[in-house]
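K.L.:
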Amino acid sequence: MKTNIDYWENLLKNLPESYKIWFREEKKYLQKIITPDAKVLEVGCGNGRSIFDILSKTKNIVGIDHDDKVVTDAKNNFSKYSSIIKILKADAIQLPFNNEEFDFVICMTTFANFADKKFRVIEEMKRVLKEFGKIIISVFSEDALDERMKVYKSSGVKIKEIKNGTVIFDDIIDDNVSEQFTKEQLEEIFSRANLKTEDITKVNIAYLCTLTK
């Protein structure tokens, strides 16, 4: 059986145009909001795609992921910055950091895979965020399903169930759920987590969100 990251890495090698637009807009969004030399945590960093996006703004970055392979890949990708950029294996529901340690906590695309753990993850992101810091989240929008299904079909991933835009995969051993959200659903999630919604911007098949305590 494969992990979610196996399919994700295959996707990154064969990006459809809809995803390219999304990721370009993510980069612009991050560069607009992240302040120079800010201390940034990425939750679910994968091989470091979004870290590359903000290198021009700051190198004071920590990335965490729970997948051994991507942690190794990310460490290799940022080896020349190893004295500044830290990549750690860690679980998003129990972040190994002190309270109020980061100026920004970002979670780009990964939020879709947290399923029932999403509120525990948000609580941890809040905990490690400084008082006046910001959380930036990127997720599939309610218009993403057709594009997602094209990607799943081309990658050969087996699907167990699709319900209201939530896809449950049949042959993935972890992170086997992928969700998409309406703006109203996101606002409800953030409100329930006692976060203030500073911005929700729709770009193509995604929403880019900025939140504060």
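Heads up: the sequence shown at position 36 corresponds to 35 in numbering that gives the first Met the number 0, and the numbers run straight through without jumps.
Backbone N, C-alpha and C fix where the C-beta goes; we use that ideal spot for every residue, glycine too.
From a predicted model like this one, the values you see are computed outputs, not experimental measurements.
(1) Quick check on DSSP: helix, strand or coil for residue 165?
(2) For residue 188 versus residue 116, is the C-beta spacing smaller than 8 angstroms?
(3) Flag this pair as yes or no: are the beta carbons of residue 161 and residue 169 separated by less than 8 angstroms?
(4) Just to confirm the assignment, what range does the beta strand (DSSP E) spanning residue 103 have?
(5) Under the three-state reduction of DSSP, which class applies to residue 205: helix, strand or coil?
(6) Alpha carbons only, please: which of 45, 102, 99 and 52 is nearest the one belonging to residue 74?
(7) To the nearest angstrom, how far is the alpha carbon of residue 51 from that of residue 70?
(8) Going by DSSP, what residue range makes up the beta strand (DSSP E) through residue 223?
(9) My output table needs one value for residue 22: the three-state DSSP class, helix, strand or coil.
P.N.:
Straight from the coordinates:
(1) If DSSP states are grouped into helix, strand and coil, residue 165 belongs with the strands.
(2) With contacts defined as CB atoms closer than 8 angstroms, residue 188 and residue 116 fail to qualify as a contacting pair.
(3) In this structure, the beta-carbon distance from residue 161 to residue 169 does not fall below 8 angstroms.
(4) Where residue 103 is concerned, the enclosing beta strand (DSSP E) stretches over 101–107.
(5) Shown here, residue 205 sits in a strand according to DSSP, grouped into three states.
(6) Looking at the Cα atoms, 45 is the closest of the given residues.
(7) Near 15 angstroms, if we compare the C-alpha coordinates of residue 70 and residue 51.
(8) Nothing about residue 223 can be read from this structure; the chain reaches only from 0 to 212.
(9) It is helical.
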